[in-house]
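Since the structure comes first, as structure tokens, the remarks are kept for the end.
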Amino acid sequence: MFGLYQLLFLPLLAHSVASRFVPRQWDQWGQWDQGGQWDQSGQWNQGGQWDQSGQWNQGGQGTQGSQGTGQACNNSPTLCSKTYDQISHLGAHNSPFLRDASTGFSSSGNQFYNTTVQLDSGVRLLSAQMHEHEGEQHLCHTSCSLMDAGRLRDWLSEIKEWMDKNPNDVVTIILVNSDEASPEVLDAEFKEAKLDTYAYKPTDPVVPPSPWPSLQTLINAKTRLLVFVTSLGDSGVTTAPYLMQEFNFIFETPFEVVKPEEFTCAPHRPSQLQNKASDALSSGRLSFVNHFLGTEGGLGIVSPNVEKIKTTNSPGDEEGALGSFVKKCRKEYWNRGPTFVLVDFFDQGPAIKTIDELNGVTEVVGRKPVPDSNSEALQMDGRPPRDTGRMFRGLSDLLEVVKSGTTPSLGNWIWVGGDWGSLVGGGVAVG
Numbered sequence: 001m002f003g004l005y006q007l008l009f010l011p012l013l014a015h016s017v018a019s020r021f022v023p024r025q026w027d028q029w030g031q032w033d034q035g036g037q038w039d040q041s042g043q044w045n046q047g048g049q050w051d052q053s054g055q056w057n058q059g060g061q062g063t064q065g066s067q068g069t070g071q072a073c074n075n076s077p078t079l080c081s082k083t084y085d086q087i088s089h090l091g092a093h094n095s096p097f098l099r100d101a102s103t104g105f106s107s108s109g110n111q112f113y114n115t116t117v118q119l120d121s122g123v124r125l126l127s128a129q130m131h132e133h134e135g136e137q138h139l140c141h142t143s144c145s146l147m148d149a150g151r152l153r154d155w156l157s158e159i160k161e162w163m164d165k166n167p168n169d170v171v172t173i174i175l176v177n178s179d180e181a182s183p184e185v186l187d188a189e190f191k192e193a194k195l196d197t198y199a200y201k202p203t204d205p206v207v208p209p210s211p212w213p214s215l216q217t218l219i220n221a222k223t224r225l226l227v228f229v230t231s232l233g234d235s236g237v238t239t240a241p242y243l244m245q246e247f248n249f250i251f252e253t254p255f256e257v258v259k260p261e262e263f264t265c266a267p268h269r270p271s272q273l274q275n276k277a278s279d280a281l282s283s284g285r286l287s288f289v290n291h292f293l294g295t296e297g298g299l300g301i302v303s304p305n306v307e308k309i310k311t312t313n314s315p316g317d318e319e320g321a322l323g324s325f326v327k328k329c330r331k332e333y334w335n336r337g338p339t340f341v342l343v344d345f346f347d348q349g350p351a352i353k354t355i356d357e358l359n360g361v362t363e364v365v366g367r368k369p370v371p372d373s374n375s376e377a378l379q380m381d382g383r384p385p386r387d388t389g390r391m392f393r394g395l396s397d398l399l400e401v402v403k404s405g406t407t408p409s410l411g412n413w414i415w416v417g418g419d420w421g422s423l424v425g426g427g428v429a430v431g
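Our numbering applies: residue 1 is where the sequence shown begins, and numbers increase by one.
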């Protein structure tokens, strides 16, 4: 004979038993669906499911940005639930080094528009070279006497200002640590700009995360800046764990290509993975393809090739075009697009069109168009215009070096002068 307690317990018991016999099936991600399953952390979650990008969502709800709310991550609602490594990020090669009026249209400049415009227009990877200059970290192209884009901390502050105004965007920085500045020095630069407050810290300083967090997770956690540095000392692990040793997490393709047919998807760095794409991918490293064409000058100096930029950044299928190149890499990278795609003159092509196609983006939110074409910097023959009103800043700096009694190398003179035949390649003014 059942008492009151047993009678009250019967409905709960019936529900428990019934729930164990709910028909179940394997879902598209190979997980046992209906009624609960193991999540990514090894915990049993009742009623959750894997969403369309393979992310676990408690209670069967899509992540923010995938429910038609209109919120966008990196300019698209469809990217919010994707992991950091599942999308392709457009990169501006040597982001702060400009070919515009401020540099006398220097032939060593890699971009027509500054970092803020780059970010506004869809670039999400920024690369730069660092050198020590007069006791401070400066952004210098090969040498600070040739092209100095200012202090590193000022550039980082520009990025911080943009990120403050764009809270739903994940940004990546690649720093080429030319003079091997210590992690302590670099950490001080980021802290001065207050950009370290946005930085992501990996759980392991050597092994890439598996899986990487989704864009929405990075945004929610306020860790939406990822920083990779070349030639970083081991003390960075404890001093500034957000400064990631680039080649522990990334493999790169060759970067000094002067012929379109030489573009390759094969790894070039780190050296132990050279030409070993399968090993590089198996290691969990992110793929980083360099797709910018150079022009080789005297003493083997390579400067950006602006004459062929429309083809180089084209979304088309012609040889040397960005579109055909990334399709080739996707086949070689186990049917996954390159994680990072680095280009010169990002606005040409336009390169972002190829990246949108890689990411399957059809709905763009919040992206600003590039300002009116820099017709001054891109004439019919592809050469920068003659600037008769000023001299290339790098040449002016070099002359000051000569006045001080120091003898520059022949290579420095050639780099500054550029195309001596026409006296316009390096932005040199003639009176």
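All C-beta atoms in this analysis are idealised placements derived from N, C-alpha and C, irrespective of residue type, glycine included. Because the structure is a prediction, the values reported are computed rather than measured.
Neighbourhood of residue i by C-beta distance below 8 Å, restricted to the same chain and skipping five residues each side
i: A92; result: N110, Q111, T115, Q118, V123, L125, L126, S127, L342, V343 and F346
i: L90; result: G122, V123, R124, L125, V341, V343, F346, A351, I352 and I355
i: A277; result: C265, A266, P267, E332 and Y333
i: K328; result: C265
i: K310; result: Q348 and G349
Assigned exposure category for residue i - 16 Cβ within 10 Å defines buried
i: G320; result: buried
i: T197; result: exposed
i: N335; result: exposed
i: G300; result: exposed
i: Q272; result: exposed
i: N275; result: exposed
i: V289; result: buried
i: S282; result: exposed
i: V364; result: exposed
i: G337; result: buried
Closest residue to residue i among the options (Cα-Cα distance)
i: F255; options: K310, C329, T197 and C265; result: C265
i: A188; options: P213, K201, Q137 and V171; result: Q137
i: K201; options: P270, Y242, L215 and F325; result: Y242
i: N74; options: D372, G366 and V370; result: G366
i: L146; options: D169, A351, S107 and G135; result: S107
i: V229; options: I173, E192, G337 and W212; result: I173
i: N220; options: Q71, V370, E318 and D372; result: Q71
i: D195; options: P211, S210, S182 and I159; result: The identity of residue 195 in the sequence shown is Leu, whereas the question assumes Asp. Of the listed residues, the one whose Cα sits closest to L195 is I159.
i: D169; options: P77, V326 and G316; result: P77
i: L218; options: E357, F105, N275 and S81; result: S81
i: D372; options: K222, Y113, R151 and E246; result: Y113
i: G104; options: H131, A149, H133 and P183; result: A149
i: R153; options: K191, S282, S287 and V227; result: K191
Proximal residues to residue i (C-beta, below 6 Å), its chain only, five neighbours per side dropped
i: P167; result: none
i: S404; result: At S404 the pLDDT is 46, less than 50, meaning the model places this residue with poor confidence; the figure from the coordinates comes in the next sentence. There are no such residues.
i: L225; result: V171, Y198 and A199
i: W212; result: T83, Y84 and D85
i: P23; result: Low local confidence applies: a pLDDT of 37 at P23 is under 50, so the model's placement there is unreliable, with the coordinate-based value given in what follows. Taken in chain order, the list of residues that qualify is empty.
i: T223; result: Y200
Residues of its chain near residue i, where Cβ-Cβ distance is below 7 Å and the 5 sequence neighbours each way are ignored
i: R445; result: Because the chain here runs from 1 to 431, residue 445 falls outside it and cannot be looked at.
i: E180; result: S231
i: K368; result: D120 and S121
i: N257; result: Correcting the residue type first, residue 257 is Val in the shown sequence and not Asn. The residues are F263, L293 and G294.
i: S95; result: Q111, T115, Q118, L126, S127 and A128
i: S157; result: A193
i: L215; result: C73, N74, L79, C80, K82, Y84 and V170
i: G323; result: S314, P315, G316, D317 and T354
Residue span of the beta strand (DSSP E) that contains residue i, given as start and end
i: V206; result: Neither: V206 is in no beta strand (DSSP E) and is coded neither H nor E.
i: L125; result: L125 to H133
i: N290; result: L286 to N290
i: M244; result: L243 to Q245
i: E319; result: First-last for E319: undefined, no H or E at that position.
i: Q137; result: E136 to C140
i: E252; result: I250 to E252
Residue i: first and last residue of the uninterrupted alpha helix (DSSP H) it sits in
i: G323; result: L322 to E332
i: T115; result: T115 to D120
i: E161; result: L152 to K165
i: E184; result: P183 to E192
i: S282; result: A277 to S282
i: N432; result: Here the chain covers residues 1 to 431 and nothing more, so residue 432 does not appear.
i: Q216; result: L215 to N220
i: T311; result: I309 to T312
Bridge-paired residues (DSSP) for residue i
i: V438; result: The structure shown does not extend to residue 438, since the chain is modelled only from 1 through 431, so no value can be given for it.
i: G91; result: L125 and L342
i: P435; result: Given that the chain is displayed from residue 1 to residue 431, the structure contains no residue 435 and the question cannot be resolved.
i: L232; result: Its beta-bridge partners do not exist; DSSP assigns none.
i: D148; result: C140
i: L98; result: Q111
i: V257; result: L293
i: A266; result: In the DSSP output, where bridge partners are listed per residue, A266 has none listed.
i: S76; result: C73
Heavy atom of the ligand COA within 7 Å of residue i beta-carbon
i: K82; result: Summarising the ligand content, the structure contains no ligands, and the ligand COA is consequently not present.
Cβ of residue i within 8 Å of any chain C Cβ
i: F288; result: Structure shown: chain C not included; a single protein chain is present.
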